[in-house]
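Structure first, then comments.
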Amino acid sequence: MAKPNMEDVSRFHRYFAIESNNEFWSLSEGDLSNEDKQRLLTASFTSLFHWSEIGTEENKHLAYLAVARALCVNGSSLSVQYAEKAFEYFDGQGADWVQAFTNAVFSHACHIVGEDAKAHDFYERAVGFQVNLSEGDRSVFDATFKTIPEPQHAF
Numbered sequence: 000m001a002k003p004n005m006e007d008v009s010r011f012h013r014y015f016a017i018e019s020n021n022e023f024w025s026l027s028e029g030d031l032s033n034e035d036k037q038r039l040l041t042a043s044f045t046s047l048f049h050w051s052e053i054g055t056e057e058n059k060h061l062a063y064l065a066v067a068r069a070l071c072v073n074g075s076s077l078s079v080q081y082a083e084k085a086f087e088y089f090d091g092q093g094a095d096w097v098q099a100f101t102n103a104v105f106s107h108a109c110h111i112v113g114e115d116a117k118a119h120d121f122y123e124r125a126v127g128f129q130v131n132l133s134e135g136d137r138s139v140f141d142a143t144f145k146t147i148p149e150p151q152h153a154f
């Protein structure tokens, strides 16, 4: 087999970034077995790797968000690190659906590590963006949001 040229390598990265991202989203909305949860992690980290090679900053930070979500689903405190990267990039910019997802996933990550006040604040911000979503975006968002624990307000 001939060694691929740089143009081919870039096309391969793009192809696998998109495919692994699509795999992540198709898995992320349902009830997951332990095997599915592992596959979710694999797909999200694969997407991050490939977007890191050829993607825009937005692509990379959406991949950070996917990794954070996969880590949340697996109950990992490492989710905070990835959720924070995505949040810092998208906070105050980007479409409402991105803002909604970023805040929802950051809420879940904070919930995992017991930061209840922050979890509550991010959850409420997600709800604020949710009401502004188009019907199609809201349907996609709600499929994920219904799986995120609603934190109790910490006084």
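The opening position of the sequence shown corresponds to residue 0 in numbering that gives the first Met the number 0, with each subsequent residue numbered one higher. Ideal Cβ positions, reconstructed from N, Cα and C, are used throughout, including at glycine.
Using a 10 Å radius around the Cβ and a threshold of 16 neighbouring Cβ atoms, would you call residue i buried or exposed?
i	result
residue 55	exposed
residue 3	exposed
residue 138	exposed
residue 122	buried
residue 116	exposed
residue 27	buried
residue 81	buried
residue 9	exposed
residue 20	buried
residue 14	exposed
residue 129	buried
residue 150	buried
residue 145	exposed
residue 58	buried
Following the continuous alpha helix (DSSP H) through residue i, name the residue where it begins and the one where it ends.
i	result
residue 27	5 to 27
residue 116	115 to 129
residue 76	Premise fails: residue 76 is in no alpha helix (DSSP H) and is neither H nor E.
residue 112	Premise fails: residue 112 is in no alpha helix (DSSP H) and is neither H nor E.
residue 135	134 to 144
residue 57	56 to 72
residue 51	33 to 53
Measuring CA to CA, which of the options is closest to residue i?
i	options	result
residue 127	147, 148, 118 and 98	98
residue 96	110, 147 and 131	131
residue 143	29, 6, 134 and 151	29
residue 125	57, 140, 16 and 64	140
residue 12	51, 112, 79 and 23	51
residue 133	108, 48 and 94	94
residue 61	44, 38 and 77	44
residue 7	53, 46, 18 and 32	53
residue 16	0, 35, 47 and 37	47
residue 22	0, 135 and 42	42
residue 120	148, 32 and 84	148
residue 49	87, 31 and 63	63
Any heavy atom of the ligand GDP closer than 7 Å to the Cβ of residue i?
i	result
residue 51	With respect to the ligand GDP, the structure shown offers nothing to examine, as it has no ligands at all.
At a cut of 8 Å, does the region 61 to 81 reach the region 104 to 123 through at least three beta carbon pairs?
-> The region 61 to 81 and the region 104 to 123 touch, with no fewer than 3 CB-CB distances between them shorter than 8 Å.
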